[in-house]
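S.K.: Counting along the sequence shown from 1, when you hit position 369 you're at 379 in the working numbering, and nothing is skipped either side. For every residue, glycine included, the Cβ atom is placed at its ideal position computed from N, Cα and C. Predicted, not measured: the structure shown is a model, and the values here were computed from it.
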Amino acid sequence: MHQPDFSPEQRSNFLQRVTAHPVGRLILLGAALALTLSVLTTMAEAAGLVGGTPFGRLVGNNSSHPLMVSNNADRSGASGLDGASLSGDVYIFVTPTEGIRQVRFYLDDQERAGSPRQVENVAPYDFAATADDEEAHAFDADGLVDGEHTVTAEVETMDGEVALAAATFTVGVVERAMAQVTSGGEFPLLVSRSEDRSGSELLDGSTQDGQIFVFIEPQGVKRVYFFLDNADQSGSAFQTENHSPYDFAGTVDGTGSARAFDASALSSGEHTISARVETSDGASVVTSATFSVGEGGAPSPSATPSGSPTATATSAPGSQEGSGDGSDWGLALSQASNRSTPSGLDGATVSGEIFVFIAPDSGIGRVRFFVDDPDRKGSPYLTEYQPAYDLAGTLGGGRAAPFDADQLGAGSHTVTAEIDRKSGGMEVIHTTFTVGGSDGGSGGDTPDGTPTATPIGIPTSGGQQPSVSGSAPNGAVEVRPGDNVQSMVNSKPGGTTFYLAAGVHRMQSVAPKDGNTFIGAPGAAMRGSRELSSWDRAGSNWVIGGQTQEGRRVGACEFLPNGQRDTMCVYPEQLFIDGERLTQVGSLSQLGSGKWYFDYGRDRIYIADNPSGRLVETSVTDMAFYGNARNVTIRGLVIEQYASPAQVGALQGKDGSGWVVDGNIVQYNHGVGIRTGTGMQVLNNTVLHQGQIGITGAGSDVVVQGNEIAYNNESFYKPRWEAGGTKFVKTRNLVVRDNYVHHNTGPGIWTDIDNVHTLFEGNRVEYNTGQGIKHEISYDAIIRGNTARFNGTNHDVWLWGAQILVQNSPNVEVYNNTVVAGESAGDGIAGVNQDRGTGSHGKWELRNLWVHDNDITYLGNGQNSGVAGNCGDNNRFSGNTYRAPRDYQDKNWWEWCGRTSFGGLQKIGQEAGGNLLTN
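(1) From this set, Glu251, Ser216 and Leu510, which residue's C-alpha is nearest Gly266's C-alpha?
(2) Figure out for me which residue from Asn796, Gly780 and Asn843 has the closest Cα to the Cα of Ala812.
(3) To which residues does DSSP link Leu174 through a beta bridge?
(4) Could you tell me whether the Cβ atoms of Val766 and Thr736 are closer together than 9 Å?
(5) Bridge partners of Thr885, per DSSP?
(6) Exposed or buried, Ala123, counting other C-beta atoms within 10 Å across all chains shown (16 or more means buried)?
(7) Tell me whether Phe223 sits in a helix, a strand or coil according to DSSP, three-state version.
(8) Mapping DSSP to helix, strand and coil, what is Gly913?
(9) Can you give me the Cβ contacts of Leu769 inside the same chain, cut-off strictly under 6 Å, excluding the 5 residues immediately before and after it?
(10) Straight-line CA distance for Gln120 to Asn81?
(11) Just reading off the beta strand (DSSP E) that Gln715 is part of, what are its end residues?
(12) Are Pro655 and Val564 touching if we call contact CB-CB under 9 Å?
(13) Based on DSSP bridge pairs, tell me the residues matched to Gly802.
(14) Since I believe Leu698 is in contact with Ala721 (beta carbons under 8 Å), could you give me their beta-carbon distance rounded to a whole number of angstroms?
(15) Are the beta-carbon atoms of Val303 and Gly279 separated by less than 9 Å?
(16) Please decide whether Arg114 counts as near chain C, where near means a Cβ-Cβ distance under 9 Å.
(17) By Cβ distance below 6 Å, which residues in the same chain neighbour Pro729 in space, the five residues on each side in sequence not counted?
(18) To the nearest angstrom, how far is the alpha carbon of Thr643 from that of Leu927?
(19) Starting from Val499, follow the alpha helix (DSSP H) in both directions and report where the run begins and ends.
(20) By the DSSP assignment, the alpha helix (DSSP H) with Trp731 in it spans what residues?
(21) Which class does Glu627 belong to by DSSP, given the choice of helix, strand or coil?
(22) Provide the residue(s) that pair with His752 in DSSP beta bridges, ordered along the chain.
(23) Of the residues Ser216, Ala241 and Leu199, which one's Cα is nearest the Cα of Val224?
(24) Could you tell me whether the Cβ atoms of His75 and Val104 are closer together than 9 Å?
(25) Using only the alpha-carbon positions, how far apart do Asp206 and Ala639 sit?
(26) Helix, strand or coil, according to DSSP, for Asp385 in the structure here?
(27) By DSSP, does Tyr652 sit in helix, in strand, or in coil?
(28) Could you check the C-alpha separation between Leu661 and Lys917 for me, to the nearest Å?
(29) Just the Cα atoms here: how many angstroms apart are Arg857 and Gln817?
(30) Which residue comes first and which comes last in the beta strand (DSSP E) that contains Thr699?
(31) Nearest-angstrom Cα distance between Glu171 and Thr160?
(32) Cβ atoms of Asn885 and Leu859: under 9 Å apart, would you say?
(33) Express the C-alpha separation of Asp546 and Ser834 in angstroms, rounding to a whole number.
(34) Just to confirm before moving on: does the CB-CB distance between Ser539 and Gln496 stay below 9 Å?
(35) Can you name, in chain order, every residue of its own chain whose Cβ lies under 8 Å from the Cβ of Gly473, other than the five neighbours on each side?
(36) Would you mind listing the alpha helix (DSSP H) stretches within the stretch 336-391 that are 4+ residues and don't spill past its ends, in chain order?
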């Protein structure tokens, strides 16, 4: 959580401390005279309060408390901030020394007239606050306008004196675009046939096939963003390299070897790799190389797979009309992961592992695949943003992931592809094919007798979760229940694929290497609990000893449904009987059926229910996956019963980058289900029944798409603290799309603190006790095409029950959403403007809010929409349609700096073109 702003009362106390000192009184008197007489008054160096410098002149890095900047969260390699040129994420701090009581940071406020941007009361003293692990939070310099800026630190010492330090730095990068690089280029793209990058040559103008190693030399480079066939570098990067070596397909952890990219996975013809290079001196250089792939590649962009498209193709408004042979693209079928020898999927009979993709792969901005959902009513099976566009996703090295056709069952099935053209408009491709094998299994018992977890499906969806083959992929290392997964990872190089066989893999905690892939067989579960079987009678109860597990306690608990405040939510340990989570109580006297008590002092667990003949498990291990590896894929696993503390994910991706978490069931973990990091894609997962929250995290270029997120916060954490469906903090370019978020205790989708350039699109958010979609103390966002209904059931005052709430966040557009407020609780679409201070990208205020063309239904009386608090600057509601009971016509059930009616709203210039329809 962010620290509170420096309050007026605290500032008053600060002045009292200064004026209590004789020198402090002298300084304040001199300042008052200077302001009154409008003359320059200087103080003697004996003042000492600012290190002996003239009063009014802020001390730079010659202060005893210099302002420092680092490119690393651990503050290593730091240099003076004064005179620096900054871009991207940086870490600004005052070096901790003895005798500091408090540091107050100000941004572009040398006179310190406003509230501090950050107040740090304990070391380390970080400008953007300090994380729980003592690392610094990043400050995004790119959020400032180009030019000079100043950070001022007001350092109060234990003896009551105050020292000032200031540093002036520059923001702004110099773009030097290079459409094509030759041997004389500044940062040429090089290609090698060896993982050690030996014998390299220029990639530009070359012809490639098979496995290649593409890279940029490290001299003078700070960071590289690589893009494939994306010359304008829109959307997420194909690969981001934050430290040397800078490899297009990533670097193998531990060895430093380049990871291979399979050029034959690309279509025959020309392709482009471009890179945005951030240099050590703060510049940004764009470089690119065009190369050819020979006939051994995947289908040529100009070729059409044989037998295709006999499928029908329809077009959305704005695109060309067409069907059948008039389609620009087709769904292709191959038996090889490099997509060789393709044929048309439409009309084909298939079985086992197949590779389905769009051909050709040019001219496409996005493809959304739907399986057995031709009307596209549910969430997509998978969404692909870059070539190749594969139904089951694209693996490391550019190869297609396999799709197991047998899991659909014998008979006729459909794949539908919704293609967004780069030139504008959309085309939809429909194909029908036959599965000739036996019915695919969907559940049942695993070999060890434990039931296979079955996800709760989205009611309107005909789609499937991403398929996982019943056999290990070629080259994969098979992991059986009882094997030590971490030991197996340690014994293999980065880039290895591990296939977890069916059954329960207990108490495994894995730190992957770069490029590792973990695939679960049907029925494979990673379970963070141990079995408890040696129970003894203890009066009317049962007891087991030797339980030394005791995790970190974090968080704030909520009131229970019976009106009593819970105190047990912070304990990460859990207990299950036959898969059902029991309620933890704080004393033996509270024990009863369905409850359990942990005597931590005596290492004993008590239950009231007879454990004979039943499976009793208690959570022990905190995380299934964690670490700072890059480009890790986790697919098709059940991850459950982990003792993750609050704010820690059972799947903890926060320190890695480029992770793909696809098609997993993450359930019954105590803290967070999935925690995100930079470049992470959270796709098509089922995230249920966490104790605190479903998905949370931070990072740039995070995509959360196609997930079901439901029934979270079952341990009754206080939602206002951090609990419910999702919460994201300090993200950049976050995309939350096509998720089904429901029945969470707390907000459904929540962005809180310094999120910028956020997109909420196509989500279905309903029956959450908090707001449906909430964008709080953040910045630029688009909220469009969502359905939000029956949320806010725990809020009946002001606008806090809004289906969509924008709170103290500038530059937000809300449009084309369908909103329903329930009969007894909840509100429509709302903005709230309060004094919340300033964040990384400016003041947290409601400004430039545009709410338009939404459909808002009130099923009861008293539901509201509008803006509450300070009305702010340039906030607009227009063209919205309200459907409400008859007496809404004359009621003051709208907010605009006070209560008003719909007619009153229009009189002050709001809701131009809006309609109120009453029944």
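M.R.: Let me spell this out:
(1) To locate residue 266, count along the sequence shown from 1; it is residue 256. Ranking Glu251, Ser216 and Leu510 by Cα distance to Gly266 puts Glu251 first.
(2) Taking the first residue of the sequence shown as 1, we reach residue 812 at position 802. The shortest C-alpha separation from Ala812 is found at Gly780.
(3) On the sequence shown, position 164 is the one that residue 174 refers to. Glu164, per the DSSP bridge assignment.
(4) What you label residue 766 is simply residue 756 of the sequence shown in a count that begins at 1. What you label residue 736 is simply residue 726 of the sequence shown in a count that begins at 1. Their beta carbons are not under 9 Å apart, which means Val766 does not touch Thr736 by this criterion.
(5) Translated into positions along the sequence shown, residue 885 becomes position 875. Residue identity differs from the one stated: residue 885 is Asn in this sequence, not Thr. Beta-bridge pairing links Asn885 to no other residue.
(6) Translated into the one-based positions of the sequence shown, residue 123 becomes position 113. Exposed, because fewer than 16 other Cβ atoms sit within 10 Å of the Cβ of Ala123.
(7) Position 213 of the sequence shown, counted from the start, is the residue given in the question as residue 223. Looking at Phe223 - three-state DSSP - the assignment turns out to be strand.
(8) In the sequence shown, counting from the first residue as 1, residue 913 sits at position 903. Gly913: helix per DSSP, three-state reduction.
(9) Here residue 769 refers to the residue found at position 759 of the sequence shown. So the list reads Val745 and Ile792, once near-sequence residues are dropped.
(10) Sequence index remark: in the sequence shown, residue 120 carries index 110 (1-based). Sequence index remark: in the sequence shown, residue 81 carries index 71 (1-based). Going from the Cα of Gln120 to the Cα of Asn81 covers about 24 Å.
(11) Against the sequence shown, residue 715 aligns to sequence position 705. Here the beta strand (DSSP E) through Gln715 covers Val713 to Gln715.
(12) Taking the sequence shown and counting its residues from 1, the one referred to as residue 655 is at position 645. Taking the sequence shown and counting its residues from 1, the one referred to as residue 564 is at position 554. It is a contact, given that the beta carbons lie within the stated cut-off.
(13) What you label residue 802 is simply residue 792 of the sequence shown in a count that begins at 1. Its beta-bridge partners do not exist; DSSP assigns none.
(14) Along the sequence shown, one-based indexing puts residue 721 at 711. Along the sequence shown, one-based indexing puts residue 698 at 688. In the sequence as presented, Ala is not what sits at residue 721; that position holds Tyr. So it is a contact: roughly 5 Å between Cβ atoms.
(15) Here residue 303 is taken as the residue at index 293 of the sequence shown, counted from 1. Here residue 279 is taken as the residue at index 269 of the sequence shown, counted from 1. Yes, the pair counts as a contact, with Cβ atoms nearer than the cut-off.
(16) Of the protein chains in the structure, only one exists, and it is not chain C.
(17) Within the sequence shown, numbered from 1, the residue matching residue 729 stands at position 719. Here the set comprises Gly756 and Gly780.
(18) Position 633 of the sequence shown, counting from 1, holds the residue named residue 643. Position 917 of the sequence shown, counting from 1, holds the residue named residue 927. Rounded to whole angstroms, Thr643 to Leu927 spans 50 Å at the Cα level.
(19) Your numbering for residue 499 matches position 489 in the sequence shown. Per DSSP, Val499 belongs to the alpha helix (DSSP H) from Val495 to Asn500.
(20) In the sequence shown, residue 731 corresponds to position 721, counting from 1. Taken as a continuous stretch (DSSP letters only), the alpha helix (DSSP H) holding Trp731 covers Pro729 to Glu732.
(21) The residue you call residue 627 lines up with position 617 of the sequence shown. Glu627 falls in the strand class under three-state DSSP.
(22) As a working mapping, residue 752 is identified with position 742 in the sequence shown. Answer is Ala720 and Glu776.
(23) Within the sequence shown, the letter at position 214 stands for residue 224. Ranking the options by Cα distance to Val224, first place goes to Leu199.
(24) Taking the sequence shown and counting its residues from 1, one reaches residue 75 at position 65. Taking the sequence shown and counting its residues from 1, one reaches residue 104 at position 94. Yes, the pair counts as a contact, with Cβ atoms nearer than the cut-off.
(25) Taking the first residue of the sequence shown as 1, we reach residue 206 at position 196. Taking the first residue of the sequence shown as 1, we reach residue 639 at position 629. Between Asp206 and Ala639, the C-alpha separation is close to 20 Å.
(26) Position 375 of the sequence shown holds residue 385. Coil at Asp385, not helix or strand.
(27) Residue numbering aside, residue 652 sits at position 642 when the sequence shown is read from its first letter. Three-state DSSP puts Tyr652 in coil, outside helix and strand.
(28) Translated into the one-based positions of the sequence shown, residue 661 becomes position 651. Translated into the one-based positions of the sequence shown, residue 917 becomes position 907. When rounded, the distance between both Cα atoms is 52 Å.
(29) The residue given as residue 857 occupies position 847 in the sequence shown. The residue given as residue 817 occupies position 807 in the sequence shown. If you take the alpha carbons of Arg857 and Gln817, they lie about 10 Å apart.
(30) The residue you call residue 699 lines up with position 689 of the sequence shown. Note on identity: in this sequence residue 699 is His, with Thr being the wrong assignment. Run containing His699: none; DSSP gives neither H nor E here.
(31) Taking the first residue of the sequence shown as position 1, residue 171 is located at position 161. Taking the first residue of the sequence shown as position 1, residue 160 is located at position 150. The alpha-carbon atoms of Glu171 and Thr160 are separated by roughly 23 Å.
(32) Taking the sequence shown and counting its residues from 1, one reaches residue 859 at position 849. Taking the sequence shown and counting its residues from 1, one reaches residue 885 at position 875. Cβ atoms of Leu859 and Asn885: closer than 9 Å.
(33) Walking along the sequence shown from the start, residue 834 turns up at place 824. Walking along the sequence shown from the start, residue 546 turns up at place 536. Rounded to whole angstroms, Ser834 to Asp546 spans 50 Å at the Cα level.
(34) Translated into positions along the sequence shown, residue 539 becomes position 529. Translated into positions along the sequence shown, residue 496 becomes position 486. Cβ distance not < 9 Å, so Ser539 and Gln496 don't count as in contact.
(35) For this step, residue 473 is matched to residue 463 along the sequence shown. Any reading at Gly473 must be qualified, since the residue scores a pLDDT of 31, below 50, and its modelled position is unreliable; the value itself is stated next. Answer for Gly473: Phe380, Val381, Asp382, Asp383, Gly388, Ser389, Pro390 and Tyr391, listed in chain order.
(36) none
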